[in-house]
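Please read the structure below before turning to the comments.
Number of protein chains: 2
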Amino acid sequence: MSAPSPSAAAALLPALKFDRDGLVAAVAQQHDTGEVLMLAWMNLKAVEETLATGQVTYFSRSREKLWRKGETSGQAQRLVVLRVDCDGDALLLLVDQTGAACHTGTRSCFFRAVRDGKLEKVAVPIVDPKTLYGAEA
Amino acid sequence: MSAPSPSAAAALLPALKFDRDGLVAAVAQQHDTGEVLMLAWMNLKAVEETLATGQVTYFSRSREKLWRKGETSGQAQRLVVLRVDCDGDALLLLVDQTGAACHTGTRSCFFRAVRDGKLEKVAVPIVDPKTLYGAEA
Numbered sequence: 013m014s015a016p017s018p019s020a021a022a023a024l025l026p027a028l029k030f031d032r033d034g035l036v037a038a039v040a041q042q043h044d045t046g047e048v049l050m051l052a053w054m055n056l057k058a059v060e061e062t063l064a065t066g067q068v069t070y071f072s073r074s075r076e077k078l079w080r081k082g083e084t085s086g087q088a089q090r091l092v093v094l095r096v097d098c099d100g101d102a103l104l105l106l107v108d109q110t111g112a113a114c115h116t117g118t119r120s121c122f123f124r125a126v127r128d129g130k131l132e133k134v135a136v137p138i139v140d141p142k143t144l145y146g147a148e149a
Numbered sequence: 013m014s015a016p017s018p019s020a021a022a023a024l025l026p027a028l029k030f031d032r033d034g035l036v037a038a039v040a041q042q043h044d045t046g047e048v049l050m051l052a053w054m055n056l057k058a059v060e061e062t063l064a065t066g067q068v069t070y071f072s073r074s075r076e077k078l079w080r081k082g083e084t085s086g087q088a089q090r091l092v093v094l095r096v097d098c099d100g101d102a103l104l105l106l107v108d109q110t111g112a113a114c115h116t117g118t119r120s121c122f123f124r125a126v127r128d129g130k131l132e133k134v135a136v137p138i139v140d141p142k143t144l145y146g147a148e149a
């Protein structure tokens, strides 16, 4: 990737449209396999910190504070490339995910699918969720 | 995929958590290449219609109505698999995208990336946006 850079935020911010809560949606995708890992939210500070450090930081809507992914669980995301969509209210984060993105211990949060008229689990945990400190993912 | 099925919505709906506007986020990903195409929104009716018809329908927040992807632009999305995330407020739609997902004519709406401290276009239009009827994508 580009080296982590505080100046990158200055280049990006004019293109962003934060919502009424000051957030943009952020989709995390494993950079080499293409697997979509999760969808979360970023405020301005989270965007700035992610670009400055190269470690993905979200804004937790439930805890109302910055959420440095993996800080307590160890399941961190290293930023590889940050993309922005046409209208500036969504980001695509190409990342290198350590372990499981999901607090349930699955690699991806999207582990359930509609199949034959039923909602079924299509992935199993790769990490024991008990080791991930509850809700932190 | 599972054949389009109205009953699939009944299986899915208990797992969904619509936001205060009655919406869930929906990420569309090309099913075979893994390319993330766009992020949009669905209300209950859009989810039901998508599962019933196999053609992806969103809810347009700007137009405040159902948005049958490709209905006017021709750039439709056929649903292959619908997944839901751990907390039920985001969907991952594995789709087969006809042409360009973006109203700008690019395959993906995420055609800009931060590189070397600058925001740069990393994809070019594959369809002339003038043929896509303006804002409809």
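Taken in sequence, the protein lines are chains W and P. For any residue, its number in our numbering is found by taking its place in the first sequence, counting from 1, and adding 12. For any residue, its number in our numbering is found by taking its place in the second sequence, counting from 1, and adding 12. Virtual Cβ for every residue (Gly too), placed ideally from N, Cα, C. From a predicted model like this one, the values you see are computed outputs, not experimental measurements.
Could you work out which residues of chain W lie near residue i, taking near to mean beta carbons separated by less than 7 Å?
i      : result
F71/P  : The premise fails here: F71/P is roughly 15 Å from chain W at the closest Cβ pair, so nothing lies under 7 Å.
A102/P : L51
Please list the partners that residue i has in chain P, where partner means a Cβ-to-Cβ separation under 8 Å.
i      : result
D140/W : Correct list: empty, because the minimum Cβ distance to chain P is about 16 Å.
A125/W : V93, L94, R95, V96
A23/W  : V126, G129, K130, L131
Measuring only between beta-carbons, confirm whether residue i sits less than 8 Å from chain W.
i      : result
A147/P : Only weak support is given to the placement of A147/P: the predicted model assigns it a pLDDT of 48, under 50, and the value that follows is read from those uncertain coordinates. Judged by the 8 Å Cβ criterion, A147/P is not in contact with chain W.
V39/P  : yes
S17/P  : yes
G46/P  : yes
L56/P  : no
S85/P  : no
Kindly indicate which residue of the options has the alpha-carbon position closest to the one of residue i.
i      : options                       : result
H43/W  : V107/W, R32/W, E61/W          : V107/W
A37/W  : A113/W, D97/W, A64/W          : D97/W
A135/W : R127/W, T118/W, V68/W, G129/W : T118/W
V59/W  : D99/W, T116/W, D128/W, L103/W : L103/W
G100/P : K142/P, Y70/P, M54/P          : M54/P
L24/W  : L49/W, G129/W, L94/W          : L94/W
L35/W  : T69/W, G46/W, S19/W, V48/W    : T69/W
A22/P  : R127/W, Q67/W, E76/W          : R127/W
D31/W  : R73/P, G66/P, M50/P           : R73/P
A151/W : A20/W, K77/W, G129/W          : There is simply no residue 151/W to check, as chain W begins at 13 and stops at 149 in what is shown.
L28/P  : L49/P, K57/P, M50/P           : K57/P
I19/W  : E61/W, K133/W, M50/W, Q87/W   : It is Ser, not Ile, that sits at residue 19/W in the sequence shown. Comparing Cα-Cα distances from S19/W to each of E61/W, K133/W, M50/W, Q87/W, the minimum goes to E61/W.
V39/P  : T45/W, M50/W, D33/W           : M50/W
Under 9 Å Cβ-Cβ, which residues of chain P neighbour residue i?
i      : result
T116/W : C98
F122/W : V39, R95, V96, D97, C98, A102, L103, L104
Using a Cβ-Cβ cutoff of less than 8 Å, which residues in the same chain neighbour residue i once the five nearest sequence positions on both sides are dropped?
i      : result
L131/P : R124, A125
S17/W  : L63, A64
D47/P  : The residue you asked about is not Asp; residue 47/P is Glu in the sequence shown. Contacts found: Q41, R119, S120.
Could you check whether the Cβ of residue i sits closer than 8 Å to any Cβ belonging to chain P?
i      : result
K130/W : yes
A20/W  : yes
For residue i, which residues in chain W fall below 9 Å Cβ to Cβ?
i     : result
A27/P : R124, L131
List, in order along the chain, the chain W residues whose C-beta lies closer than 8 Å to that of residue i?
i     : result
L63/P : V126
Go through its chain and collect everything with a Cβ distance to residue i's Cβ below 7 Å, but skip five positions before and after it.
i      : result
K92/W  : Residue identity check: residue 92/W is Val in the sequence provided, not Lys. Once the five neighbours on either side are set aside, the close Cβ partners of V92/W are M13, H43, L106, V107, D108.
R90/W  : G66, Q67, V107, D108
F5/P   : Nothing can be reported for residue 5/P: it is not among the residues displayed for chain P, which extend from 13 to 149.
F71/W  : L35, W53, M54, N55, A58, L78, W79
K133/W : F123, R124
Please return the same chain residues whose Cβ sits closer than 6 Å to the Cβ of residue i, not counting the five positions on each side in sequence.
i      : result
I138/W : A112, R119
R80/P  : T69
G82/W  : A88
T110/P : Q87, A88
Check your understanding: What beta strand (DSSP E) runs, 3 residues minimum, are completely inside the segment 35–96 of chain P?
Key -> Runs of the beta strand (DSSP E) inside the segment 35–96 of chain P: 36–42, 48–54, 69–72, 77–80, 89–96.
**Study point:** Minimum length 3: unbroken beta strand (DSSP E) runs contained in the segment 106–143 of chain P
**Key:** If we require 3 residues or more, the beta strand (DSSP E) runs fully inside the segment 106–143 of chain P come out as 124–127, 130–133.
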